[in-house]
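In UniProt numbering, the protein residues as written are 1 to 208.
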């Protein structure tokens with residue numbers, strides 16, 4: 001089997017990639033990196049010039065950026081059934097990259113206190129936070145998952161954004177968003193990821 005290495009820090013978006021890895025069910029090696037030291041070291045910068053996590057190396061293939069990692073793993077391990085058939089990927093691609101683009105930008109800007117000047121919404125790409133949240137509600141106002149009955153990588157990525165947003169108060173706890181997050185939290189792979197990363201965080205926070 002081709003080796004799979006996961007580069008992460010438990011207090012990062014690496015939690016998204018670990019959840020996706022756990023959903024695939026394939027074995028992987030983990031390399032924990034520290035901010036400002038090993039994450040900026042030449043060996044790791046050769047893997048990700050941005051000097052951030054997560055990243056994966058699958059054989060000779062290196063993938064960075066959470067949405068890309070999720071999409072790659074879904075295709076690399078089709079037995080996990082984490083992507084729809086190619087001719088049924090409209091909602092899958094739409095919402096996976098909506099979460100990586102408009103949603104991420106709008107939530108980050110809100111958290112940083114950036115406000116798009118009135119009349120410049122089109123220049124911002126995502127319009128307004130209200131526009132983004134309205135679209136987000138549409139995406140999850142479904143009986144089960146974003147792509148219908150099939151749980152996919154789009155649910156991992158967008159679901160992580162919603163899960164964190166509800167936990168930290170950066171998105172409103174509407175009935176639709178809360179119900180969707182509750183469904184996500186029952187998944188065994190989600191629970192395994194939280195247990196692994198929470199244990200690593202607890203170890204890192206122990207007094208020296």
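Ideal Cβ positions, reconstructed from N, Cα and C, are used throughout, including at glycine.
Presumed contact (8 angstroms Cβ cut-off) between residue 32 and residue 200, rounded CB distance: Stepping through the chain shown from its first residue, residue 32 is reached at position 32. Stepping through the chain shown from its first residue, residue 200 is reached at position 200. At roughly 7 angstroms, the Cβ-Cβ gap stays under 8 angstroms, so residue 32 and residue 200 are in contact.
According to DSSP, residues forming a beta bridge with residue 63: Taking the chain shown and counting its residues from 1, one reaches residue 63 at position 63. Answer is 56, bridged to residue 63.
Sequence-distant residues of its chain with Cβ nearer than 6 angstroms to residue 158 (five each side left out): Position 158 of the chain shown, counting from 1, holds the residue named residue 158. Counting only Cβ-Cβ distances below 6 angstroms, and skipping sequence neighbours, we find 95 and 99.
Through-space distance from residue 181 to residue 128, alpha-carbon basis: What you label residue 128 is simply residue 128 of the chain shown in a count that begins at 1. What you label residue 181 is simply residue 181 of the chain shown in a count that begins at 1. Their Cα atoms are separated by approximately 23 angstroms.
CA-to-CA distance, residue 40 to residue 50, given in whole angstroms: As a first step, residue 50 is located in the chain shown; it is residue number 50 there, counting from the start. As a first step, residue 40 is located in the chain shown; it is residue number 40 there, counting from the start. Computed Cα separation, rounded: 8 angstroms.
Distance, residue 165 Cα to residue 18 Cα: As a working note, residue 18 is residue 18 in the chain shown. As a working note, residue 165 is residue 165 in the chain shown. Approximately 18 angstroms, taken between the alpha carbons.
Chain-order list of residues whose beta-carbon lies under 8 angstroms from that of residue 3 (same chain, five-residue window excluded): Working through the chain shown from its first residue, we reach residue 3 at position 3. For residue 3, where only same-chain residues beyond five positions count, the Cβ hits under 8 angstroms are 29, 57, 58 and 59.
CA nearest to the CA of residue 75, picked from 208, 153 and 117: Within the chain shown, the letter at position 75 stands for residue 75. Residue 153 is the option with its Cα nearest to residue 75.
Cut-off 6 angstroms between Cβ atoms - residues of its own chain near residue 14, not counting five sequence neighbours on either side: Position 14 of the chain shown, counted from the start, is the residue given in the question as residue 14. Once the five neighbours on either side are set aside, the close Cβ partners of residue 14 are 8, 53 and 54.
Stretch-stretch touch, CB-based, cutoff 8 angstroms, three pairs: the stretch 161-178 with the stretch 130-148: yes
Length-filtered (3 minimum) beta strand (DSSP E) runs lying within the stretch 117-146: none
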